[in-house]
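Going by our numbering, the sequence shown opens with residue -16, and the numbers climb by one from there. Even glycine gets a Cβ: it sits at the ideal position worked out from N, Cα and C. Please read all numbers here as calculations on a predicted model, not as lab measurements.
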Amino acid sequence: MIHTRISGTGSYLPGEPVDNASLIAKHQIDSSDDWIVERTGIRQRHLAAAGVTSSDLALEASRRALDAAGRLPADVDLIIVATSTPDYVFPSAAALLQSKLGIINGAAAFDVQAVCSGFVYALNIAEKFIRSGSHKCALVVGAEVFSRILDWKERGTCVLFGDGAGAVVLEAADKPGLLASAFHADGSHHGILSVPGQVCGGVVTGDPFLRMDGQAVFKFAVKVLADVAHEVLAAAGMTADQVDWLIPHQANVRILQATAKRLHLPPEKCVVTVAEHGNTSAASIPLALDTAVRDGRIRRGQNLLLEGVGGGFTWGATLLEY
Ligand code: UT7
């Protein structure tokens, strides 16, 4: 039987961090550091400079993940980039990343668009490719420049998001690895989190900015993150107390705390990077994973529960032995 294991992680954050006070001053937002910290836990975020794209951020994160895995770009036979802010309408950010990495072996490359669940979707898709025997070494990336779709006049959203990328190398292995995964969607909730604009006849029509019903999203997120965590634990025949690290999508520290509580996990078992990164959508889970791997908290052999929720609505989880 073919198993899959993460052989390396990497991440990248553009530029210097921008704290709440600087963001508020720059965009003249009717907000305060106190409100943002108290309601979200966010203290700062990184914002990509003009002209820097998701595939640029993905490139740096991917190089670091490949280094950590001891792999060369030429070893990669599958590239999946999770992003809702790709460089272009097409080609995909994955194809651009392939070009920037100099991969000329014909590796498959495509994007996954599942918003903040995108990385979990991409990881689960890559796992299925590898377990089928069709591919051996996947580069799975979450990369976003959400700052490009923010309405700086809307204080309920513009203070929440940041830019960045995280990547993992997922390889065929003799032993697990990824233990259980699940991913779901319910499109009937599309209206509570969306960017409702489109490109038509060479112009953007409709509304090109992120719109969100924050409270509806909050309630939905807490429920499905608990449900999907229980689903993958049951599928693996494990209980929550066997989880060493919970790594949820980093949207709001209150959602992270509520999720850990519902799983009866102590808050210190939850990796929290939202204070430093803000919400980086599809990049947030691999960014948090790489942060905790590199600072020594996550060690080989530990059980990790990754889970995401986002626009669509989409949600999913992956339980793995690191
Ligand atoms: O990654 C995708 C998933 N996204 C999420 O998971 C986000 C989920 N939602 C949330 O994190 C929270 O709902 C928010 C952080 C977006 C909002 O927090 P909240 O506690 O739900 O606040 P609220 O929307 O109920 O607003 C409370 C008050 C309102 O003022 P009034 O009507 O009570 O006078 C807002 O206008 O806070 C006001 N407000 C702000 N005040 C200062 C909203 N945004 C701000 C702001 N600064 N930035």
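Query raised in the report: VAL103 lies in the alpha helix (DSSP H); which residues open and close that run?
Result: 101 to 115
Requested in this report: Identify, in the order they occur along the chain, each residue of the same chain with its Cβ nearer than 7 Å to the Cβ of ALA199, setting aside the five sequence neighbours on each side.
Outcome: ILE175
Query raised in the report: Quick one: what's got a C-beta closer than 6 Å to ALA266's C-beta in the same chain, skipping five residues either side?
Result: GLY125, ALA126, GLU127, GLY147, ALA148 and GLY149
Query raised in the report: Which one of SER45, SER164 and GLU110 has the shortest CA to CA distance from ALA156?
Result: GLU110
Requested in this report: Go ahead and pull the three-state DSSP assignment for PRO74.
Outcome: coil
**Report entry** Closest residue to THR188 among ARG194, ASP196 and PRO179 (Cα-Cα distance)
**Finding:** PRO179
Report task. Check whether the Cβ of LEU143 sits closer than 7 Å to any heavy atom of the ligand UT7, and report yes or no. Result -> yes
Query raised in the report: DSSP puts ALA212 in a beta bridge; with which residues?
Result: Answer is none; ALA212 lacks a bridge partner.
Query raised in the report: What do you reckon, is the C-beta of THR188 under 7 Å from a heavy atom of the ligand UT7?
Result: no
Query raised in the report: Which partner residues of CYS120 appear in the DSSP bridge assignment?
Result: Paired residues: GLU154.
**Report entry** ILE238 classed as buried or exposed, judged by whether at least 16 other C-beta atoms fall within 10 angstroms
**Finding:** Classified as buried, ILE238 has 16 or more neighbouring CB atoms from the shown chains inside 10 Å of its CB.
Requested in this report: Starting from the Cα of PHE129, find the closest Cα among GLY295, PRO69 and GLY160 and give me that residue.
Outcome: PRO69
Query raised in the report: Is HIS232 near the ligand UT7, with its Cβ less than 7 Å from a heavy atom?
Result: yes
Query raised in the report: Tell me, which residues are paired with GLY284 by DSSP?
Result: According to DSSP, GLY284 bridges with nothing at all.
Query raised in the report: Excluding five sequence neighbours on each side, which residues of the same chain lie with their C-beta closer than 7 Å to the C-beta of ILE(-15)?
Result: ILE113, ARG114, GLY116 and ALA155
Query raised in the report: Just to check, is the beta-carbon of GLY125 closer than 7 Å to a non-hydrogen atom of the ligand UT7?
Result: no
Requested in this report: Assuming LEU122 and SER38 form a contact by the criterion Cβ under 8 Å, report the distance between their Cβ atoms to the nearest whole angstrom.
Outcome: Going by Cβ atoms, the distance from LEU122 to SER38 rounds to 12 Å, so no, they are not a contact pair.
Query raised in the report: Less than 7 Å between the CB of TRP18 and some heavy atom of the ligand UT7, yes or no?
Result: Flag set: Cβ of TRP18 near the ligand UT7.
Requested in this report: Could you tell me which of LEU55, PRO231, HIS173 and GLY24 sits nearest to GLU259, measuring between CA atoms?
Outcome: Selected option, being the one with the closest Cα: GLY24.
**Report entry** ASP146 - partner residues in DSSP beta bridges
**Finding:** VAL128.
Query - Proximity of ILE87 and ALA77 at Cβ, strictly below 8 Å - result: It is not a contact, given that the beta carbons lie outside the stated cut-off.
Query raised in the report: Going by beta carbon distance, what residues of the same chain come within less than 6 Å of ASN349, once the five residues before and after it are set aside?
Result: The first residue shown for the chain is -16 and the last is 305, placing residue 349 beyond what the model contains.
Report task. Go ahead and label VAL72 buried or exposed: buried means 16 or more other beta carbons lie within 10 angstroms of its beta carbon, across all protein chains shown. Result -> Its Cβ having fewer than 16 others within 10 Å, VAL72 is exposed.
Query raised in the report: Among the residues of its own chain, which have a CB less than 8 Å from the CB of ASP50, if the five just before and after it don't count?
Result: GLY(-9) and GLY(-7)
Query - Opening and closing residue of the beta strand (DSSP E) in which GLY(-9) lies - result: -14 to -5
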